[in-house]
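> First, the structure itself, so that you have it in front of you.
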């Protein structure tokens, strides 16, 4: 019994000391102004998983986060308790927004952000397909929106009403990171039989080091007719 009584004051003393340290730490944290320290958001890629965790200093936890102005990319959300922005963006675009954080006693901080959602691989008509004699001429432009080098293949086909495909263009080359609007002409070396043709332009990019493959496509909305010279 004497041994138990001898130890009890020590236990109480240690408990009070720990409580005091916690109280001191919280007081110190609360004395620092609440601030969002994440200065920029990395650019998301269309159809690719996106995740970034916002950071703040000061204030008294727990913290609650919210989007107070503008919109996040379509398909992306902000978790109010973990400060994690995550999702899969569905389309490219540039957005301006404001994110705010509030602590347990009502202190608030905000920061403005700009987000540019980019397509990792983009293929577009540069010169829309047109009939010239017995040829279909045009060009596409391709862009690499990532920081990786692409092993890129571009194939342009004319498919007639019977389902037969004719190669109008083919290119295979290395597309450097963050390169835009590389133009690829097609059709000048292919004479086509009479008939109607849908034009398909397909691009496939591989990043071997990451095991990633990106695809892009363009297609004429209506058939083009080769009627002869």
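In the numbering used here, the protein residues as written are 13 to 241.
Positions of the beta carbon are idealized from the N, C-alpha and C atoms, including for glycine.
1) Just reading off the beta strand (DSSP E) that residue 212 is part of, what are its end residues?
2) Starting from residue 62, follow the beta strand (DSSP E) in both directions and report where the run begins and ends.
3) Considering only residues of the segment 164-207, which uninterrupted alpha helix (DSSP H) runs meet the minimum length of 4 residues and lie entirely inside it, listed in chain order?
4) So, using beta-carbon positions, are residue 130 and residue 85 closer together than 7 Å?
5) Helix, strand or coil for residue 127, going by three-state DSSP, please let me know.
6) Decide if the segment 140-148 is in contact with the segment 94-101; the criterion is three or more beta carbon pairs, one per stretch, under 8 Å apart.
7) For residue 157, collect the residues of the same chain with a Cβ closer than 6 Å to its Cβ; drop the 5 residues on either side in sequence, then sort them by chain order.
8) Using only the alpha-carbon positions, how far apart do residue 190 and residue 212 sit?
9) Excluding the 5 residues preceding and the 5 following residue 239 in the sequence, name in chain order all residues of the same chain whose CB lies nearer than 7 Å to its CB.
10) Alpha carbon to alpha carbon, what distance is there between residue 218 and residue 70?
11) Would the beta-carbon of residue 152 fall within 7 Å of that of residue 194?
This is what the structure gives:
1) Taken as a continuous stretch (DSSP letters only), the beta strand (DSSP E) holding residue 212 covers 207-219.
2) Run containing residue 62: 62-65, per the beta strand (DSSP E) assignment.
3) If we require 4 residues or more, the segment 164-207 turns out to have no alpha helix (DSSP H) run fully inside it.
4) No, Cβ-Cβ distance for residue 130 and residue 85 is not below 7 Å.
5) Strand.
6) No, the segment 140-148 does not touch the segment 94-101.
7) Here residue 157 has 130, 131 and 132 as same chain residues with Cβ atoms under 6 Å from its own Cβ, once five neighbours each way along the sequence are excluded.
8) Roughly 25 Å between the two C-alpha positions.
9) Around residue 239: 206.
10) Residue 70 and residue 218: Cα-Cα distance of roughly 44 Å.
11) It is not a contact, given that the beta carbons lie outside the stated cut-off.
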